[in-house]
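Residue numbers (the UniProt record's numbering): 1 to 284.
Below you'll find the structure, written out as C-alpha coordinates, and then a few comments.
Structural data, given as C-alpha coordinates:
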(Lines of atoms letter the chains of each structure in order from A and count residues from 1; the text may use other names and numbers.)
(Lines give C-alpha, C1' and ligand atoms only; values in the text may rest on other atoms or scores of the structure.)
Protein backbone atom coordinates (compact mmCIF):
# COMPACT_ATOMS: atom_id res chain seq x y z
CA UNK A 1 0.00 0.00 0.00
CA UNK A 2 1.46 3.29 -1.04
CA UNK A 3 0.63 6.67 0.34
CA UNK A 4 0.70 9.67 -1.90
CA UNK A 5 2.40 12.65 -0.36
CA UNK A 6 1.17 16.03 -1.43
CA UNK A 7 3.81 18.67 -1.39
CA UNK A 8 2.66 21.96 0.09
CA UNK A 9 4.58 25.09 -0.71
CA UNK A 10 4.24 28.48 0.92
CA UNK A 11 4.57 31.40 -1.48
CA UNK A 12 7.60 33.52 -0.95
CA UNK A 13 7.15 36.94 0.47
CA UNK A 14 7.89 39.61 -2.09
CA UNK A 15 7.29 43.23 -2.88
CA UNK A 16 3.84 42.56 -4.30
CA UNK A 17 2.80 40.57 -1.25
CA UNK A 18 4.09 43.30 1.05
CA UNK A 19 2.22 46.04 -0.79
CA UNK A 20 -0.95 43.99 -0.62
CA UNK A 21 -0.40 43.45 3.11
CA UNK A 22 -0.02 47.21 3.63
CA UNK A 23 -3.26 47.78 1.71
CA UNK A 24 -5.15 45.10 3.67
CA UNK A 25 -4.04 46.42 7.06
CA UNK A 26 -4.84 50.00 6.01
CA UNK A 27 -8.27 48.95 4.74
CA UNK A 28 -8.98 47.11 7.99
CA UNK A 29 -8.16 50.22 10.03
CA UNK A 30 -10.53 52.30 7.91
CA UNK A 31 -13.34 49.75 8.28
CA UNK A 32 -12.82 49.57 12.02
CA UNK A 33 -12.94 53.36 12.27
CA UNK A 34 -16.06 53.68 10.11
CA UNK A 35 -17.96 51.05 12.11
CA UNK A 36 -17.08 52.43 15.55
CA UNK A 37 -19.18 55.57 15.96
CA UNK A 38 -18.74 55.55 19.73
CA UNK A 39 -15.00 55.89 19.27
CA UNK A 40 -15.45 58.78 16.83
CA UNK A 41 -17.67 60.71 19.24
CA UNK A 42 -15.66 59.95 22.39
CA UNK A 43 -12.42 61.09 20.76
CA UNK A 44 -13.99 64.49 20.10
CA UNK A 45 -15.35 65.17 23.57
CA UNK A 46 -12.11 66.18 25.27
CA UNK A 47 -10.82 68.53 22.51
CA UNK A 48 -14.22 70.21 22.16
CA UNK A 49 -14.44 70.74 25.92
CA UNK A 50 -10.94 72.20 26.00
CA UNK A 51 -11.64 74.45 23.02
CA UNK A 52 -15.08 75.83 23.87
CA UNK A 53 -15.19 75.56 27.67
CA UNK A 54 -11.59 76.02 28.77
CA UNK A 55 -10.82 78.32 25.85
CA UNK A 56 -13.77 80.57 26.64
CA UNK A 57 -12.92 80.63 30.34
CA UNK A 58 -9.25 81.44 29.81
CA UNK A 59 -10.22 83.99 27.16
CA UNK A 60 -11.97 86.09 29.80
CA UNK A 61 -8.72 86.25 31.79
CA UNK A 62 -6.42 87.25 28.93
CA UNK A 63 -8.84 89.42 26.95
CA UNK A 64 -7.12 92.65 27.93
CA UNK A 65 -3.60 91.41 27.18
CA UNK A 66 -4.37 89.94 23.75
CA UNK A 67 -6.68 92.47 22.08
CA UNK A 68 -8.26 91.58 18.77
CA UNK A 69 -7.79 87.79 19.11
CA UNK A 70 -10.16 85.18 20.48
CA UNK A 71 -8.12 82.97 22.78
CA UNK A 72 -9.97 79.99 21.30
CA UNK A 73 -8.31 80.86 17.99
CA UNK A 74 -4.95 80.41 19.71
CA UNK A 75 -6.01 77.06 21.21
CA UNK A 76 -7.51 75.78 17.97
CA UNK A 77 -4.27 74.31 16.46
CA UNK A 78 -3.53 72.66 19.79
CA UNK A 79 -6.93 71.01 19.87
CA UNK A 80 -6.43 69.74 16.33
CA UNK A 81 -3.15 68.18 17.39
CA UNK A 82 -4.73 66.73 20.54
CA UNK A 83 -7.47 65.07 18.49
CA UNK A 84 -4.99 63.65 16.01
CA UNK A 85 -2.56 62.44 18.65
CA UNK A 86 -5.14 60.71 20.84
CA UNK A 87 -6.78 59.01 17.86
CA UNK A 88 -3.41 57.86 16.53
CA UNK A 89 -2.49 56.33 19.88
CA UNK A 90 -5.83 54.52 20.12
CA UNK A 91 -5.26 53.13 16.63
CA UNK A 92 -1.84 51.86 17.64
CA UNK A 93 -3.28 50.36 20.81
CA UNK A 94 -5.54 48.07 18.79
CA UNK A 95 -2.44 45.91 18.28
CA UNK A 96 -2.72 44.84 21.92
CA UNK A 97 -6.38 44.02 21.35
CA UNK A 98 -5.47 41.96 18.28
CA UNK A 99 -2.88 40.08 20.33
CA UNK A 100 -5.39 39.22 23.05
CA UNK A 101 -7.84 37.78 20.52
CA UNK A 102 -5.24 35.96 18.43
CA UNK A 103 -5.62 38.01 15.25
CA UNK A 104 -2.09 39.39 15.51
CA UNK A 105 -0.61 35.88 15.42
CA UNK A 106 -2.55 35.17 12.23
CA UNK A 107 -1.03 38.27 10.61
CA UNK A 108 2.47 37.44 11.77
CA UNK A 109 2.42 33.95 10.22
CA UNK A 110 1.30 35.30 6.84
CA UNK A 111 3.91 35.09 4.03
CA UNK A 112 4.65 38.82 4.18
CA UNK A 113 7.32 40.80 5.95
CA UNK A 114 6.48 42.08 9.40
CA UNK A 115 7.68 45.48 8.27
CA UNK A 116 4.77 45.62 5.81
CA UNK A 117 2.33 44.98 8.65
CA UNK A 118 3.87 47.79 10.70
CA UNK A 119 3.83 50.20 7.76
CA UNK A 120 0.19 49.36 7.05
CA UNK A 121 -0.67 49.88 10.70
CA UNK A 122 1.09 53.24 10.84
CA UNK A 123 -0.49 54.43 7.60
CA UNK A 124 -3.91 53.26 8.78
CA UNK A 125 -3.54 55.04 12.10
CA UNK A 126 -2.37 58.21 10.37
CA UNK A 127 -5.29 58.21 7.91
CA UNK A 128 -7.84 57.51 10.65
CA UNK A 129 -6.41 60.23 12.90
CA UNK A 130 -6.41 62.71 10.02
CA UNK A 131 -10.05 61.90 9.25
CA UNK A 132 -10.88 62.49 12.90
CA UNK A 133 -9.06 65.81 12.74
CA UNK A 134 -11.17 66.84 9.75
CA UNK A 135 -14.15 67.03 12.12
CA UNK A 136 -12.29 69.62 14.21
CA UNK A 137 -11.37 71.44 11.00
CA UNK A 138 -15.07 71.79 10.31
CA UNK A 139 -15.39 73.85 13.52
CA UNK A 140 -12.86 76.45 12.35
CA UNK A 141 -15.44 79.14 11.64
CA UNK A 142 -16.74 78.99 15.22
CA UNK A 143 -13.39 80.19 16.57
CA UNK A 144 -12.57 82.83 13.98
CA UNK A 145 -10.44 80.70 11.65
CA UNK A 146 -11.26 81.10 7.94
CA UNK A 147 -12.13 78.18 5.69
CA UNK A 148 -9.24 78.89 3.35
CA UNK A 149 -8.43 76.04 0.92
CA UNK A 150 -4.71 76.69 1.32
CA UNK A 151 -4.96 76.62 5.12
CA UNK A 152 -7.04 73.44 5.12
CA UNK A 153 -4.63 71.62 2.79
CA UNK A 154 -1.66 72.75 4.87
CA UNK A 155 -3.26 71.58 8.10
CA UNK A 156 -4.22 68.25 6.54
CA UNK A 157 -0.63 67.57 5.52
CA UNK A 158 0.72 68.57 8.93
CA UNK A 159 -1.94 66.49 10.68
CA UNK A 160 -1.05 63.41 8.66
CA UNK A 161 2.67 63.79 9.38
CA UNK A 162 2.07 64.21 13.12
CA UNK A 163 -0.38 61.30 13.15
CA UNK A 164 2.05 58.97 11.38
CA UNK A 165 4.81 59.78 13.87
CA UNK A 166 2.56 59.29 16.89
CA UNK A 167 1.15 56.04 15.49
CA UNK A 168 4.69 54.74 14.99
CA UNK A 169 5.43 55.67 18.60
CA UNK A 170 2.29 53.88 19.76
CA UNK A 171 3.08 50.77 17.72
CA UNK A 172 6.54 50.70 19.29
CA UNK A 173 4.94 50.70 22.74
CA UNK A 174 2.19 48.24 21.84
CA UNK A 175 4.58 45.69 20.30
CA UNK A 176 5.58 44.44 23.75
CA UNK A 177 2.37 45.09 25.70
CA UNK A 178 0.17 42.16 26.68
CA UNK A 179 -2.91 43.94 28.06
CA UNK A 180 -4.85 47.06 27.11
CA UNK A 181 -4.61 48.28 30.70
CA UNK A 182 -0.82 48.31 30.53
CA UNK A 183 -0.83 50.07 27.18
CA UNK A 184 -3.20 52.84 28.23
CA UNK A 185 -1.30 53.36 31.46
CA UNK A 186 1.97 53.83 29.60
CA UNK A 187 0.22 55.92 26.93
CA UNK A 188 -1.15 58.36 29.49
CA UNK A 189 2.21 58.58 31.21
CA UNK A 190 3.99 59.36 27.95
CA UNK A 191 1.50 61.39 25.91
CA UNK A 192 -0.06 63.72 28.47
CA UNK A 193 3.22 65.38 29.58
CA UNK A 194 4.30 65.68 25.95
CA UNK A 195 0.96 67.24 25.07
CA UNK A 196 1.08 69.79 27.87
CA UNK A 197 4.70 70.69 27.04
CA UNK A 198 4.05 71.16 23.31
CA UNK A 199 2.60 74.67 23.50
CA UNK A 200 -0.84 73.39 22.54
CA UNK A 201 -2.49 75.16 25.48
CA UNK A 202 -0.16 78.04 26.30
CA UNK A 203 2.18 80.33 24.34
CA UNK A 204 5.86 79.47 24.14
CA UNK A 205 6.96 83.08 24.65
CA UNK A 206 8.29 84.23 28.01
CA UNK A 207 8.58 80.78 29.59
CA UNK A 208 11.00 80.07 32.46
CA UNK A 209 14.28 78.62 31.24
CA UNK A 210 13.58 75.12 32.58
CA UNK A 211 10.18 75.03 30.91
CA UNK A 212 11.60 76.42 27.68
CA UNK A 213 14.14 73.57 27.60
CA UNK A 214 11.42 70.97 28.11
CA UNK A 215 9.28 72.37 25.30
CA UNK A 216 12.31 72.53 22.99
CA UNK A 217 13.26 68.87 23.45
CA UNK A 218 9.63 67.73 23.12
CA UNK A 219 9.02 66.32 19.60
CA UNK A 220 5.33 67.28 19.71
CA UNK A 221 6.28 70.95 19.91
CA UNK A 222 7.51 70.74 16.32
CA UNK A 223 4.17 69.28 15.22
CA UNK A 224 1.97 71.84 17.01
CA UNK A 225 3.93 74.97 16.07
CA UNK A 226 3.58 74.58 12.26
CA UNK A 227 -0.18 74.24 12.66
CA UNK A 228 -0.35 77.41 14.75
CA UNK A 229 1.83 79.30 12.30
CA UNK A 230 -0.44 78.20 9.45
CA UNK A 231 -3.53 79.42 11.31
CA UNK A 232 -1.98 82.75 12.34
CA UNK A 233 -0.80 83.27 8.79
CA UNK A 234 -4.44 83.39 7.66
CA UNK A 235 -5.91 85.74 10.28
CA UNK A 236 -5.37 89.43 10.99
CA UNK A 237 -3.42 89.77 14.21
CA UNK A 238 -1.62 92.85 15.60
CA UNK A 239 2.16 92.36 15.43
CA UNK A 240 2.62 92.53 19.20
CA UNK A 241 -0.09 89.91 19.76
CA UNK A 242 1.39 87.67 17.08
CA UNK A 243 4.79 87.88 18.78
CA UNK A 244 3.14 86.92 22.08
CA UNK A 245 0.93 84.05 20.93
CA UNK A 246 2.88 82.79 17.92
CA UNK A 247 6.58 83.14 18.74
CA UNK A 248 7.60 79.85 17.15
CA UNK A 249 10.38 77.56 18.34
CA UNK A 250 13.83 79.08 18.69
CA UNK A 251 17.27 77.52 18.89
CA UNK A 252 20.01 79.77 20.23
CA UNK A 253 17.89 82.83 19.55
CA UNK A 254 16.94 81.87 15.97
CA UNK A 255 13.40 80.92 15.03
CA UNK A 256 13.22 77.61 13.19
CA UNK A 257 11.56 77.61 9.75
CA UNK A 258 8.48 75.46 9.27
CA UNK A 259 10.29 73.18 6.81
CA UNK A 260 12.90 72.31 9.42
CA UNK A 261 10.24 71.67 12.07
CA UNK A 262 8.32 69.33 9.80
CA UNK A 263 11.59 67.69 8.78
CA UNK A 264 12.32 66.95 12.45
CA UNK A 265 8.86 65.42 12.89
CA UNK A 266 9.38 63.29 9.78
CA UNK A 267 12.82 62.19 10.99
CA UNK A 268 11.45 61.19 14.40
CA UNK A 269 8.66 59.29 12.64
CA UNK A 270 11.15 57.42 10.44
CA UNK A 271 13.24 56.43 13.47
CA UNK A 272 10.18 55.29 15.40
CA UNK A 273 8.98 53.29 12.39
CA UNK A 274 12.34 51.52 12.20
CA UNK A 275 12.19 50.76 15.93
CA UNK A 276 8.62 49.46 15.59
CA UNK A 277 9.65 47.14 12.75
CA UNK A 278 12.57 45.86 14.82
CA UNK A 279 10.23 45.25 17.76
CA UNK A 280 7.82 43.28 15.59
CA UNK A 281 10.59 41.09 14.24
CA UNK A 282 11.21 39.97 17.81
CA UNK A 283 7.50 39.52 18.59
CA UNK A 284 6.23 35.97 18.81
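Glycine included, every Cβ here is placed at the ideal spot set by N, Cα and C.
When the options are compared against residue i, the one with the closest alpha-carbon
i, options, result
"residue 158", "26, 265 and 22", "265"
"residue 25", "112, 52, 150 and 69", "112"
"residue 49", "72, 123, 224 and 141", "72"
"residue 268", "239, 146, 254 and 167", "167"
"residue 169", "125, 198, 228 and 54", "125"
"residue 217", "236, 197, 234 and 30", "197"
"residue 18", "37, 116 and 29", "116"
"residue 262", "273, 219, 142 and 135", "219"
"residue 123", "30, 278, 231 and 240", "30"
"residue 162", "21, 238 and 225", "225"
Same chain, Cβ closer than 7 Å to residue i, neighbours up to 5 away in sequence not counted
i, result
"residue 133", "80, 83, 84 and 159"
"residue 183", "93, 96, 173, 174 and 177"
"residue 228", "77 and 246"
"residue 87", "43, 128, 129 and 132"
"residue 212", "none"
Cβ-based neighbour list, residue i, same chain, cut-off 6 Å, excluding 5 preceding and 5 following
i, result
"residue 280", "114, 118 and 175"
"residue 247", "204 and 205"
"residue 256", "249"
Anticipated Cβ contact below 8 Å, residue i with residue j, distance rounded
i, j, result
"residue 245", "residue 74", "5 Å"
"residue 78", "residue 201", "6 Å"
"residue 173", "residue 189", "Residue 173 to residue 189, Cβ: 10 Å. No contact."
"residue 59", "residue 70", "6 Å"
"residue 143", "residue 51", "7 Å"
"residue 230", "residue 151", "6 Å"
In DSSP terms, what residue i is bridged to
i, result
"residue 250", "255"
Extent of the continuous alpha helix (DSSP H) run through residue i
i, result
"residue 178", "Run containing residue 178: none; DSSP gives neither H nor E here."
"residue 47", "37-48"
"residue 125", "114-137"
"residue 89", "71-100"
"residue 202", "Looking at the DSSP string, residue 202 is not in any alpha helix (DSSP H), and its letter there is neither H nor E."
"residue 229", "221-232"
"residue 242", "239-245"
Close-in-space but distant-in-sequence residues of the same chain around residue i (CB under 8 Å, 5 per side omitted)
i, result
"residue 9", "Below a pLDDT of 50, predicted positions are generally treated as unreliable, and residue 9, at 48, falls in that range; the measurement from the model is reported next regardless. Result list for residue 9: empty, nothing under 8 Å."
"residue 234", "145, 146, 148, 150 and 151"
"residue 270", "none"
Closer than 7 Å: residue i CB and nearest the ligand SAH heavy atom
i, result
"residue 223", "Questions concerning the ligand SAH fall outside what the structure shown contains, since it holds no ligand whatsoever."
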